[in-house]
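S.K.: Got a structure for you, questions after.
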Amino acid sequence: MKPDPVFEEPWHAQVFALTVHLNEAGHLDWPDWAARFGATLKAHGVDRDLNGGSDYFAAWLETLEAVLAERAMTDAESLATLKTAWERAYLSTPHGEPVVLSQ
Amino acid sequence: MPHDHHNHEHPHTLLPSDPALRVKALETLLTRKGLIDPAALDEIIDTYENKIGPKNGAHVVAKAWTDPEFRAALLDDATAVVSELGYYGRQGEHMVALENTPDVHNMVVCTLCSCYPWPLLGIPPGWYKSDAYRARSVREPRKVLAEFGVTLPEDTAVRVWDSTAEVRYLVIPQRPKGTENLSEADLRALVTRDSMIGCGLAVQP
Chain A
77 MKPDPVFEEP
87 WHAQVFALTV
97 HLNEAGHLDW
107 PDWAARFGAT
117 LKAHGVDRDL
127 NGGSDYFAAW
137 LETLEAVLAE
147 RAMTDAESLA
157 TLKTAWERAY
167 LSTPHGEPVV
177 LSQ
Chain B
757 MPHDHHNHEH
767 PHTLLPSDPA
777 LRVKALETLL
787 TRKGLIDPAA
797 LDEIIDTYEN
807 KIGPKNGAHV
817 VAKAWTDPEF
827 RAALLDDATA
837 VVSELGYYGR
847 QGEHMVALEN
857 TPDVHNMVVC
867 TLCSCYPWPL
877 LGIPPGWYKS
887 DAYRARSVRE
897 PRKVLAEFGV
907 TLPEDTAVRV
917 WDSTAEVRYL
927 VIPQRPKGTE
937 NLSEADLRAL
947 VTRDSMIGCG
957 LAVQP
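As given, the protein sequences belong to chains A and B, one line each in that order.
If you count the first sequence from 1, position 48 lands on 124 in our numbering, and the numbers rise without skipping.
If you count the second sequence from 1, position 14 lands on 770 in our numbering, and the numbers rise without skipping.
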């Protein structure tokens, strides 16, 4: 029997690893993180039952974005610029080639 | 995400979803600021996808079944004992082992979010993270257990333990009857992930 994948989608793994790494590097206290994440889950779960899959990691990502912005580790403008740059990179990279950001 | 396309309607790489792009933007920005090391991210993902999982917990349980001294030490101070086996928490959390007996059945939930003994069980399954399990396991644990196919004798008490960021629990399921002659290695195969969350029983060989 094939076990279920650990992460359903690659970005779930990425955002999980990013958070764990920020904790290990001393940028994020884990009990603080759990409290914030729990609060987001609670807020999201008011109107509907969360299934524990993509909605769970959507809440995770939203929390991480908010925490990093509060601590001035990120800013909305830089993130929007980078997101657009990644979009362009994906759309302009021929199928099968690695996608990289131009500086 | 790369995808097989035979008609070449999309000559470029498929555009990832909105959250996937937001994660990429975060990663790139934090990397450029020198706050994270992308290689460390790959290492963390590899660890959780390939190196740790319920087999670690099964090792601990099978050892507890076969080695009385280990069992006593585990129940006394699980953090120290599992660390010695190389299973320590990356977040420095405290581990507690809960032994199921004919009198008490322990089961574990995290009502806050999804705290879970990662070093012993890996990443929690979807249902553990769902609102349904998080709310109902506290309110109606026997009903939840029944849905997992577990029916306990009426005189077995059910105790539900709520994990936190600081304390994570490992359930030691009851050793199946008739397994006295099995080796620790053989016993490991009987210890399921769900049995170590308290939502299942060890497999009867």
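Every residue, glycine too, gets a C-beta built ideally from N, C-alpha and C.
This structure is a prediction, so every number in the text was calculated from the model and none was measured.
What do you reckon, is the C-beta of A:Glu146 under 6 angstroms from a heavy atom of the ligand COA?
M.R.: Only the bare structure without any ligand can be found here, which leaves the ligand COA out of the picture.
S.K.: Start and end of the alpha helix (DSSP H) containing B:Asn812?
M.R.: 810 to 822 is the extent of the alpha helix (DSSP H) around B:Asn812.
S.K.: According to DSSP, which residues form a beta bridge with B:Ile800?
M.R.: Paired residues: none, contrary to the question.
S.K.: Quick check on A:Thr150 - is its C-beta less than 7 angstroms from some C-beta in chain B?
M.R.: It does: the Cβ of A:Thr150 has a partner Cβ on chain B nearer than 7 angstroms.
S.K.: Using a C-beta to C-beta distance shorter than 7 angstroms, which residues of chain B count as neighbours of A:Glu163?
M.R.: Those are Leu771, Leu777, listed as they occur along chain B.
S.K.: Between which two residues does the beta strand (DSSP E) holding B:Asn862 run?
M.R.: Here the beta strand (DSSP E) through B:Asn862 covers 860 to 865.
S.K.: Please report the straight-line C-alpha distance between A:Pro170 and B:His768, rounded to a whole angstrom.
M.R.: Distance between the alpha carbons of A:Pro170 and B:His768: 4 angstroms.
S.K.: Whole alpha helix (DSSP H) runs in the segment 90 to 145 of chain A with 4 or more residues, listed along the chain?
M.R.: Listed in chain order, they are 106 to 120.
S.K.: Using a beta-carbon distance cut-off of less than 7 angstroms, what residues from the segment 796 to 812 of chain B approach chain A?
M.R.: Cβ contacts with chain A come from Ala796, Leu797, Ile800, Ile801, Tyr804, Glu805.
S.K.: Terminal residues of the continuous alpha helix (DSSP H) containing A:Glu153?
M.R.: Counting along the chain, the alpha helix (DSSP H) containing A:Glu153 begins and ends at 152 to 168.
S.K.: Ignore the nearest five residues each way along the sequence and tell me which others in A:Val96's own chain have a CB closer than 7 angstroms to its CB.
M.R.: Taken in chain order, the list of residues that qualify is empty.
S.K.: Write down the C-beta distance between B:Pro932 and B:Pro961 rounded to the nearest angstrom, noting that I regard them as a contact closer than 8 angstroms.
M.R.: Right, the Cβ-Cβ distance comes to about 7 angstroms (below 8 angstroms), so this counts as a contact.
S.K.: What first and last residue would you give for the beta strand (DSSP E) that runs through B:Glu855?
M.R.: First-last of the beta strand (DSSP E) with B:Glu855: 850 to 855.
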